[in-house]
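Before any comments, here is the structure.
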């Protein structure tokens, strides 16, 4: 399957999902129009013509954050603003005038999920257990973004420690900009809401079991969980390294592709990136091709339909649009036993890996913070009995810490069986379905129901 086909299918599906939810207010709709329609290409054209500067672009986004996150509907997506963003924009504007742009992201504002390390802003993963933690350096992908001339504008609210309900003890609940009574999904809900509400041009989330893809759907934007090993996880608070990946999120598929290429590269601090050696690209926009569906064979996984008629309608409309472009669509079904056990397989690995892997990250931050999951549990139980100043108790997530602590180790038979046999079996099942029907891709709804 070509990369071009994959990206075009993503465009088609996401474009249809955008129309599902109406904006929360007419004011928001009117204000968002200009910024939300512009791609990175459009912004760079405005930079080059002199009609826009990076400084002015940052000012526009900061004004939107003030109007819709701090005031107005109070989306509660932003935790920290970079107080050097405007000065950085001025420096990058001058650099553009003197020597030209470093990359297509030169002077472009980017917002980050708060589990991604930044040396100039706290990284708490949304948890009071890590409140005020300032990492020693930037995450690998953040360093790549800054080197490309991107401006890190803000750190964003998230599901605490990248799991559980769409709230954090640091920032509270996040609201969906299309309907503030609905969830923006998680765990990258802050990124999804911020990009949908045009608080920045680009955003980064992380995805273990759907945490980029869910907020992408719930907020009507574009997003991608890259292949494991394509992007470094260095400097990202782990949830389960067998599944963890950072992923680009934006209002346009072109922007997702442009940002992805800037962040790729081999990182000696993340051995998984060696899998992408001689295989990664630095420009994925070259693979965007509106003609790519012409001879594609697409499988639709019917097992994930039938729970919400509106979602089903959108999927069927998407499939019809693909057929109109020349694609052949084939129904596929996963074995029922696999559908029944896949959740347990995931939890077996996810919980044990968090218990084993979080201490390595905790060792990189200050001595005043917990160093093991056991210490996190102990401190959370103390906080839960109080009303912490400047925070919101999160008993749902903190109770899950106890289950993760009691789940087991990487040496137990259940984990070894799932890691060494369960995951390869799942991959074989998917590959077998594709081979049997000669498919290029299998598609299905990111979520079988609308946001709750």
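Residue numbers (our numbering): 1190 to 1641. Here a beta-carbon is modelled for each residue, glycine too, at the ideal position from N, C-alpha and C. These figures come from a predicted structure and were not determined experimentally.
Legend entry - Same chain, Cβ closer than 6 Å to residue 1363, five either side skipped, listed in chain order: 1265, 1266, 1346, 1355, 1373, 1378, 1379, 1382
Inset, instruction - Mark residue 1306 as exposed unless 16 or more other C-beta atoms lie within 10 angstroms of its C-beta, in which case mark it buried. - result: buried
Inset, instruction - Could you work out which residue in 1335, 1536, 1517, 1453 is closest to residue 1431 when comparing CA atoms only? - result: 1536
Inset, instruction - Could you check if residue 1325 is buried or exposed, using at least 16 other CB atoms within 10 Å of its CB as the buried criterion? - result: exposed
Legend entry - Local Cβ density within 10 Å of residue 1260, reported as buried at 16 or more and exposed below that: exposed
Inset, instruction - Classify residue 1503 as helix, strand or coil using the three-state DSSP reduction. - result: helix
Legend entry - Residue environment, residue 1610, which counts as buried when at least 16 other CB atoms sit within 10 Å: exposed
Inset, instruction - Could you check if residue 1502 is buried or exposed, using at least 16 other CB atoms within 10 Å of its CB as the buried criterion? - result: exposed
Legend entry - the region 1332 to 1349 touching the region 1603 to 1622, judged by at least three CB pairs closer than 8 Å: no
Inset, instruction - State the Cα-Cα distance for the pair residue 1298 and residue 1523, rounded to the nearest angstrom. - result: 42 Å
Inset, instruction - Can you grab the Cα-Cα spacing for the pair residue 1474 / residue 1333, in whole Å? - result: 18 Å
Legend entry - Neighbourhood of residue 1228 by C-beta distance below 7 Å, restricted to the same chain and skipping five residues each side: 1441, 1443, 1444
Inset, instruction - Report all residues from its chain with a CB closer than 6 Å to the CB of residue 1195; omit the five preceding and five following residues, and keep chain order. - result: Any answer about residue 1195 is weak, because its pLDDT of 39 lies below 50 and its placement is not dependable; what the coordinates show is given next. Excluding residues within five positions, none has a Cβ falling inside 6 Å.
Inset, instruction - Give me whichever residues DSSP pairs with residue 1269 in a beta bridge. - result: 1344
Legend entry - Own chain residues within Cβ distance below 6 Å of residue 1633, not counting five before or after: 1490, 1493
Legend entry - Neighbourhood of residue 1248 by C-beta distance below 8 Å, restricted to the same chain and skipping five residues each side: 1275
Inset, instruction - Determine the DSSP secondary structure at residue 1321, reduced to helix, strand or coil. - result: coil
Legend entry - residue 1285 classed as buried or exposed, judged by whether at least 16 other C-beta atoms fall within 10 angstroms: buried
Legend entry - Span separating the alpha-carbon of residue 1291 from that of residue 1550: 32 Å
Legend entry - Three-way DSSP call (helix, strand, coil) for residue 1302 in this model: strand
Inset, instruction - Within 10 angstroms of the Cβ of residue 1390, are there 16 or more other Cβ atoms? Answer buried if so, exposed if not. - result: buried
Inset, instruction - Could you round the C-beta distance between residue 1384 and residue 1262 to whole angstroms and report it? I think they count as a contact, below 8 Å. - result: So it is not a contact: roughly 16 Å between Cβ atoms.
Legend entry - Residue from 1410, 1594, 1573, 1309 whose Cα sits closest to the Cα of residue 1564: 1594
Inset, instruction - Please determine, among 1525, 1388, 1318, 1508, the residue with the shortest C-alpha to C-alpha distance to residue 1270. - result: 1388
Inset, instruction - Buried or exposed for residue 1546, please, with buried defined as at least 16 other CB atoms from any protein chain shown within 10 angstroms of its CB. - result: buried
Legend entry - Euclidean distance between Cα positions of residue 1323 and residue 1448: 25 Å
Inset, instruction - Go through its chain and collect everything with a Cβ distance to residue 1637's Cβ below 8 Å, but skip five positions before and after it. - result: 1493, 1494, 1495, 1496, 1497, 1500
Inset, instruction - Within its chain, find whatever has a CB closer than 8 Å to the CB of residue 1558; leave out the 5 residues flanking it on each side and keep chain order. - result: 1318, 1319, 1322, 1551
Legend entry - Nearest neighbour of residue 1623, chosen from 1352, 1485, 1505 [CA to CA]: 1485
Legend entry - For residue 1486, the three-state DSSP class (helix, strand or coil): strand
Legend entry - Run of the beta strand (DSSP E) containing residue 1437, from where it starts to where it stops: 1434 to 1439
Legend entry - Which of helix, strand or coil DSSP assigns to residue 1583: coil
Inset, instruction - From the DSSP output, in three-state form, read off residue 1395 for me. - result: strand
Inset, instruction - Following the continuous alpha helix (DSSP H) through residue 1536, name the residue where it begins and the one where it ends. - result: 1525 to 1551
Inset, instruction - Give the secondary structure of residue 1178 by DSSP, where H, G and I count as helix, E and B as strand, and everything else as coil. - result: This structure gives no information on residue 1178, because the portion of the chain shown stretches from 1190 to 1641.
Inset, instruction - Quick one: grab the DSSP three-state call for residue 1425. - result: strand
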